[in-house]
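A short write-up of the structure that comes next.
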Amino acid sequence: MISLAAKNASIKEPKRSSALVRQETIASYLFLLPSLIFFLGFVIYPMILCVVTSFFDSTMNRADVFVGLANYAELFADPIFIGALRNTFIIVVVSVPVTCAFSLWVSSAIVDLPEWATSLFRCVFYLPVVTGSVAVTVVWKWMYNNYYGIFNYLGKAVGLIDKNINWLGDEKYALGCIILILLTTSVGQPIVLYVSALGNVDQSIVEAAEVDGATDFQCFWRIKWPAIMPTTLYILVITTINSFQCFALIQLLTSGGPNHSTDTIMYYIYYTAFKLYRYGYGNAMGVVLAVIIAILSAVQFRFGSQDN
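Numbering of the sequence shown is given in our numbering, commencing with residue 14 and proceeding in unit increments.
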């Protein structure tokens with residue numbers, strides 16, 4: 014029997030001809046070619062062009078003028094950009110932890126429900142994600158209306174406010190209103206991912222820990238949390254990037270107002286490039302934003318890898 018096993022082990026698969034390997038390789042690259050052309054033409058080339066143009070005074074109806082680092086020097090002396098940068102970081106610092114924590118809490122509450130109930134909750138929370146941003150904005154704009162909005166109506170009905178508040182027109186409230194909308198439209202995908210991750214945790218280990226006297230918190234912290242850490246890392250990175258790229262809500266609701274109190278980097282890039290036609294200056298902001306996102310993503314991956 015041993016000799017038979019040794020004989021079978023010594024039998025190797027027939028070696029494929031180099032012509033066949035070459036044909037398969039060519040066929041593979043031909044299938045990849047449409048996506049590769051799209052990626053190079055609409056992702057890589059614009060990225061390179063953005064970096065190059067950031068060193069020029071580029072606008073309409075005249076040739077570009079090389080200015081070196083002047084755009085970047087002006088950028089960090091621009092009070093509107095500094096304010097947009099501050100607002101963007103406020104959005105990220107508030108929305109990312111709240112989104113992750115709330116999504117994990119909801120997922121932990123619904124993962125053990127009957128399958129139909131879990132699916133129902135996932136659909137409810139995911140609905141704002143697949144709904145068009147314009148439709149969502151119209152609903153929220155009505156809710157924030159300072160004359161007949163539901164927030165003013167309920168606030169006066171329960172005695173929280175004495176008179177109507179112009180939620181989107183007051184610097185004290187405008188940015189908070191944007192963050193609230195962003196939270197409601199950001200939790201859908203993390204909840205779906207967390208429910209799937211929690212459902213894949215080995216329940217035999219959890220049951221064994223419960224038999225040994227472990228509390229629910231200990232089971233979660235010692236067993237479930239390490240198991241869902243890769244999902245958490247992915248959610249943190251994606252949520253951070255989406256928060257930095259907050260644009261549609263700003264454009265449709267406040268246009269950066271009042272008095273630039275809701276400006277974000279993405280909206281200021283749009284305003285500078287497509288309203289003021291300062292393409293080089295706008296591209297310099299885009300480069301700075303890309304560098305910030307890359308650094309934060311690298312830091313999150315670093316700490317996530319250490320936890321694993």
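All C-beta atoms in this analysis are idealised placements derived from N, C-alpha and C, irrespective of residue type, glycine included.
Quantities reported herein were computed from a predicted structural model and do not represent experimental measurements.
Counting only the Cα atoms, R235 lies some 44 Å from K154. In terms of CA proximity to M298, T66 leads the group T66, L45 and R35. DSSP places F79 within a strand segment (E or B) once states are collapsed to three. Of all alpha-carbon atoms in T197, R315, A86 and L211, the one lying nearest the alpha-carbon of V109 is that of T197. About 31 Å separates the beta carbons of N74 and T275, which is beyond the 8 Å limit, so they are not a contact pair.
According to DSSP, residue pairing for F69 in a beta bridge involves F79.
Taking 8 Å as the upper bound for CB-CB distance, L188 and I61 are not in contact here, some 34 Å apart. Distance from the CA of L266 to the CA of G172, rounded to the nearest whole angstrom, comes to 27 Å. For V124, there is no enclosing alpha helix (DSSP H), since its DSSP letter is neither H nor E. Fully enclosed alpha helix (DSSP H) runs of no fewer than 4 residues occupy 278-287 of the region 269-312, in order along the chain. Under a 10 Å Cβ-count criterion, L249 is classified as buried, with 16 or more other Cβ atoms of the shown protein chains found around its own Cβ. For Y161, there is no enclosing alpha helix (DSSP H), as DSSP marks it with neither H nor E.
Inter-segment contact for the region 197-217 and the region 163-178 is absent: fewer than three beta-carbon pairs are separated by less than 8 Å. The criterion of a C-beta distance shorter than 8 Å is not satisfied by L206 and K237.
In the three-state scheme derived from DSSP, where H, G and I count as helix and E and B as strand, Q231 is classed as helix. Counting C-beta pairs closer than 8 Å gives fewer than three between the region 141-160 and the region 123-132, which falls short of the contact rule. Taking all protein chains shown into account, R35 has fewer than 16 neighbouring C-beta atoms within 10 Å of its C-beta and is therefore exposed.
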